[in-house]
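Some notes on the structure that comes next.
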Amino acid sequence: TEKTGAIVFYFMSLTSLLGLLTIFLGWTMPNWQEFLLLVTIGVLGGLGQILLVQAYRYGDASLVAPFEYSTMIWATALGWFFFGEWPAAAVITGSLIVIASGIYVILREKQLGLLKRETREVGPSRST
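Residue 11 is where the sequence shown starts when you use the working numbering, and the numbers rise one by one after that.
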(Lines of atoms letter the chains of each structure in order from A; the text may use other names.)
(Lines give C-alpha, C1' and ligand atoms only; values in the text may rest on other atoms or scores of the structure.)
Protein backbone atom coordinates (compact mmCIF):
# COMPACT_ATOMS: atom_id res chain seq x y z
CA THR A 11 0.00 0.00 0.00
CA GLU A 12 3.07 2.24 0.17
CA LYS A 13 3.96 4.33 -2.86
CA THR A 14 6.80 3.10 -5.04
CA GLY A 15 8.96 6.10 -4.19
CA ALA A 16 8.57 5.46 -0.47
CA ILE A 17 9.53 1.78 -0.76
CA VAL A 18 12.59 2.60 -2.87
CA PHE A 19 13.56 5.41 -0.46
CA TYR A 20 13.39 3.08 2.55
CA PHE A 21 15.41 0.41 0.75
CA MET A 22 18.08 2.84 -0.45
CA SER A 23 18.30 4.51 2.96
CA LEU A 24 18.73 1.22 4.79
CA THR A 25 21.31 -0.15 2.37
CA SER A 26 23.22 3.15 2.43
CA LEU A 27 23.36 3.11 6.23
CA LEU A 28 24.49 -0.51 6.25
CA GLY A 29 27.08 0.32 3.61
CA LEU A 30 28.46 3.08 5.83
CA LEU A 31 29.43 0.44 8.38
CA THR A 32 32.07 -0.79 5.94
CA ILE A 33 33.82 2.59 5.93
CA PHE A 34 35.79 1.50 8.98
CA LEU A 35 37.37 -1.31 6.97
CA GLY A 36 39.22 1.25 4.91
CA TRP A 37 38.22 4.00 2.52
CA THR A 38 39.88 5.06 -0.69
CA MET A 39 38.68 8.19 -2.42
CA PRO A 40 37.56 7.22 -5.94
CA ASN A 41 38.99 9.02 -8.94
CA TRP A 42 36.60 10.63 -11.47
CA GLN A 43 36.30 7.50 -13.59
CA GLU A 44 35.48 5.35 -10.54
CA PHE A 45 33.10 8.01 -9.26
CA LEU A 46 31.19 8.02 -12.56
CA LEU A 47 31.00 4.21 -12.43
CA LEU A 48 29.62 4.38 -8.88
CA VAL A 49 27.02 6.97 -9.92
CA THR A 50 26.04 4.80 -12.91
CA ILE A 51 25.70 1.76 -10.64
CA GLY A 52 23.55 3.80 -8.25
CA VAL A 53 21.26 5.13 -10.98
CA LEU A 54 20.82 1.74 -12.65
CA GLY A 55 20.33 0.03 -9.27
CA GLY A 56 17.69 2.60 -8.30
CA LEU A 57 15.92 2.17 -11.63
CA GLY A 58 16.00 -1.59 -11.18
CA GLN A 59 14.52 -1.26 -7.69
CA ILE A 60 11.71 0.97 -9.00
CA LEU A 61 10.89 -1.53 -11.75
CA LEU A 62 10.97 -4.43 -9.29
CA VAL A 63 8.56 -2.67 -6.92
CA GLN A 64 6.25 -1.88 -9.83
CA ALA A 65 6.37 -5.50 -10.99
CA TYR A 66 5.31 -6.69 -7.55
CA ARG A 67 2.62 -4.00 -7.40
CA TYR A 68 0.96 -4.92 -10.70
CA GLY A 69 1.97 -8.54 -11.15
CA ASP A 70 1.33 -11.72 -9.27
CA ALA A 71 4.19 -12.23 -6.79
CA SER A 72 4.42 -15.93 -7.59
CA LEU A 73 5.16 -15.01 -11.20
CA VAL A 74 7.48 -12.07 -10.50
CA ALA A 75 9.70 -13.73 -7.87
CA PRO A 76 11.22 -16.40 -10.13
CA PHE A 77 12.57 -13.70 -12.44
CA GLU A 78 14.75 -12.48 -9.59
CA TYR A 79 16.60 -15.78 -9.85
CA SER A 80 17.99 -14.62 -13.18
CA THR A 81 20.44 -12.54 -11.13
CA MET A 82 22.39 -15.76 -10.56
CA ILE A 83 22.80 -16.17 -14.31
CA TRP A 84 23.84 -12.54 -14.78
CA ALA A 85 26.26 -12.62 -11.84
CA THR A 86 27.91 -15.75 -13.23
CA ALA A 87 28.16 -14.31 -16.74
CA LEU A 88 29.50 -10.95 -15.58
CA GLY A 89 31.94 -12.57 -13.13
CA TRP A 90 33.31 -14.75 -15.91
CA PHE A 91 33.45 -11.90 -18.45
CA PHE A 92 35.05 -9.24 -16.24
CA PHE A 93 37.05 -11.25 -13.71
CA GLY A 94 37.56 -14.66 -15.30
CA GLU A 95 35.86 -16.29 -12.31
CA TRP A 96 33.75 -19.41 -12.53
CA PRO A 97 31.59 -20.73 -9.66
CA ALA A 98 32.32 -24.05 -7.98
CA ALA A 99 30.37 -27.16 -8.98
CA ALA A 100 28.26 -27.01 -5.80
CA VAL A 101 27.23 -23.41 -6.59
CA ILE A 102 26.27 -24.35 -10.15
CA THR A 103 24.28 -27.35 -8.91
CA GLY A 104 22.43 -25.25 -6.33
CA SER A 105 21.74 -22.52 -8.87
CA LEU A 106 20.32 -25.03 -11.33
CA ILE A 107 18.02 -26.40 -8.64
CA VAL A 108 16.78 -22.91 -7.79
CA ILE A 109 16.32 -21.98 -11.45
CA ALA A 110 14.46 -25.24 -12.17
CA SER A 111 12.19 -24.52 -9.21
CA GLY A 112 11.46 -21.06 -10.60
CA ILE A 113 10.61 -22.48 -14.01
CA TYR A 114 8.34 -25.04 -12.36
CA VAL A 115 6.50 -22.28 -10.46
CA ILE A 116 6.03 -20.25 -13.64
CA LEU A 117 4.65 -23.25 -15.54
CA ARG A 118 2.43 -24.26 -12.60
CA GLU A 119 1.02 -20.73 -12.26
CA LYS A 120 0.36 -20.62 -15.99
CA GLN A 121 -1.50 -23.94 -15.79
CA LEU A 122 -3.51 -22.76 -12.77
CA GLY A 123 -4.39 -19.59 -14.65
CA LEU A 124 -5.66 -21.66 -17.58
CA LEU A 125 -7.72 -23.84 -15.23
CA LYS A 126 -9.25 -20.78 -13.57
CA ARG A 127 -10.11 -19.33 -16.98
CA GLU A 128 -11.75 -22.59 -18.09
CA THR A 129 -13.76 -22.73 -14.87
CA ARG A 130 -15.03 -19.18 -15.42
CA GLU A 131 -15.99 -19.93 -19.03
CA VAL A 132 -17.88 -23.09 -18.14
CA GLY A 133 -19.52 -21.55 -15.09
CA PRO A 134 -20.95 -23.33 -12.09
CA SER A 135 -22.56 -26.69 -12.66
CA ARG A 136 -26.31 -27.00 -12.16
CA SER A 137 -27.92 -30.20 -11.08
CA THR A 138 -31.66 -30.54 -11.59
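From the three backbone atoms N, C-alpha and C, an ideal C-beta is built for every residue, glycine too.
Cutoff 6 Å; reference residue i; Cβ partners in own chain excluding five residues on either side
i: residue 79; result: 108, 109 and 112
i: residue 76; result: 112, 115 and 116
i: residue 106; result: none
8 Å Cβ cutoff met for residue i and residue j
i: residue 53; j: residue 14; result: no
i: residue 206; j: residue 90; result: No information on residue 206 is available, as it lies outside the stretch 11 to 138 that the chain covers here.
i: residue 87; j: residue 74; result: no
i: residue 93; j: residue 59; result: no
Residue i to residue j span [Cα, whole Å]
i: residue 17; j: residue 55; result: 14 Å
i: residue 82; j: residue 104; result: 10 Å
i: residue 30; j: residue 99; result: 34 Å
i: residue 43; j: residue 57; result: 21 Å
i: residue 46; j: residue 28; result: 22 Å
i: residue 36; j: residue 26; result: 16 Å
i: residue 123; j: residue 70; result: 11 Å
i: residue 120; j: residue 48; result: 39 Å
i: residue 40; j: residue 32; result: 15 Å
i: residue 38; j: residue 19; result: 26 Å
i: residue 23; j: residue 68; result: 24 Å
i: residue 11; j: residue 61; result: 16 Å
i: residue 126; j: residue 34; result: 55 Å
i: residue 50; j: residue 102; result: 29 Å
Close beta carbons around residue i, own chain, < 7 Å, minus the five adjacent residues each side
i: residue 72; result: 115 and 119
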